[in-house]
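If you count the sequence shown from 1, position 258 lands on 360 in this note's numbering, and the numbers rise without skipping. Glycine residues also receive a C-beta, built at the ideal position from the N, C-alpha and C atoms. Keep in mind the model is a prediction, meaning the values are calculated, not measured. Below: the structure, in structure tokens.
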Amino acid sequence: MIMEGYEVIIVDNLKTGKIINKKAGFYQMDICSKDLEQVFEKERPEAVVHLAAQISVQDSQADPHTDAQINILGTINVLDNCSKHKVRKIVFSSSAAVYGKPEYLVLDEKHNTVPLAFYGLSKLTAEYYLKMFAELFGLRYTILRYSNVYGINQKLSGEGGVVAIFIDNLLNNKAPTIFGTGEQTRDFIYVSDVAKANLCALSTGDYEIFNISTKTAITINDLLAIIRSIMKKDLTCLYGPKKEGDILHSVLNNSKAKELLKWEPAYSITEGLEEIVENL
103 MIMEGYEVII VDNLKTGKII NKKAGFYQMD ICSKDLEQVF EKERPEAVVH LAAQISVQDS
163 QADPHTDAQI NILGTINVLD NCSKHKVRKI VFSSSAAVYG KPEYLVLDEK HNTVPLAFYG
223 LSKLTAEYYL KMFAELFGLR YTILRYSNVY GINQKLSGEG GVVAIFIDNL LNNKAPTIFG
283 TGEQTRDFIY VSDVAKANLC ALSTGDYEIF NISTKTAITI NDLLAIIRSI MKKDLTCLYG
343 PKKEGDILHS VLNNSKAKEL LKWEPAYSIT EGLEEIVENL
């Protein structure tokens, strides 16, 4: 966004994030804090890209209270300040987790939303709050439902965390573990492509929901094989029991985003993984 000429202000509690770009203004703060209003009062943002979230499905199941506190109440705090301070538009990062078990593939935005975990439920609830703020207060929004996001400096958690886990294992000469057969499929989207989608959504796609994905499925076995090849590591892979509630196949249709946002992913899974390894 800075490269596109935007003045960027970041609010982050740094529990998982890092200060990387010194050209952006920065406030170390939780989105649940009442002090968030002071940032809005001082900075007067024209638009907000809401990326702050609790992103671990496992943590949401273990502690649904904290998950709801951040993903629902934190989002309400952001929306309330957007409304009070006349923010032009908010772009909200949602998740494929809102869909639950696929009734068909490839999943489009019309698919039923029946989350299987508290994480998906909290994201879906936040979507409804966006719609209500739009109806009651005229706040413009775009909702982006990400598939499995992966990228540089990723933590070992979240929906794309398996990439970071595999890379960390191989860096430390530790045998990676795949849970289940490894034939389950996911749709991995590189973080740079997600950033471009957010940028596109600032200027178009009002009151719409878009899947942000590659529309390409890859098995976990194949994912690990690509990583091992790039890193030139040939460690034996271990297999563990399938995780409870794990969806067998997930791939999202991105046709709507291509048509209306004029966006499409630039990175293949191999290109994204190569860029990560180059930056280790």
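Excluding sequence positions up to five away, which residues of its chain have a Cβ less than 8 Å from the Cβ of ILE332? THR372, LEU375, GLU376, VAL379
DSSP state of ARG146 mapped onto helix, strand, coil: coil
Can you tell me whether LEU354 is helix, strand or coil according to DSSP? strand
Can you tell me whether VAL296 is buried or exposed? The criterion is at least 16 other CB atoms within 10 Å of its CB, across all chains shown. buried
Taking only the alpha-carbon atoms, compute the straight-line gap between GLY107 and GLU145 and give it to the nearest angstrom. 17 Å
Just mark ARG190 as buried or exposed, buried being the case when its beta carbon has 16 or more other beta carbons within 10 Å. exposed
Curious, which full-length alpha helix (DSSP H) runs of at least 4 residues does the stretch 306–379 contain? 322–333
Where does LYS317 land, buried or exposed, given buried means 16+ other C-beta within 10 angstroms? buried
C-alpha gap between ALA149 and GLY253, whole angstroms: 25 Å
Nearest to VAL251 by CA position, among GLU366, ALA198, LEU223, ASP308, is which residue? ALA198
Identify whether VAL200 lies in helix, strand or coil by the three-state DSSP scheme. helix
Do the stretch 174–184 and the stretch 115–134 meet, that is, are 3 or more Cβ pairs less than 8 Å apart? yes
Every unbroken alpha helix (DSSP H) within the stretch 158–213, with a cutoff of 4 residues, ordered by chain: 159–164, 166–170, 177–186
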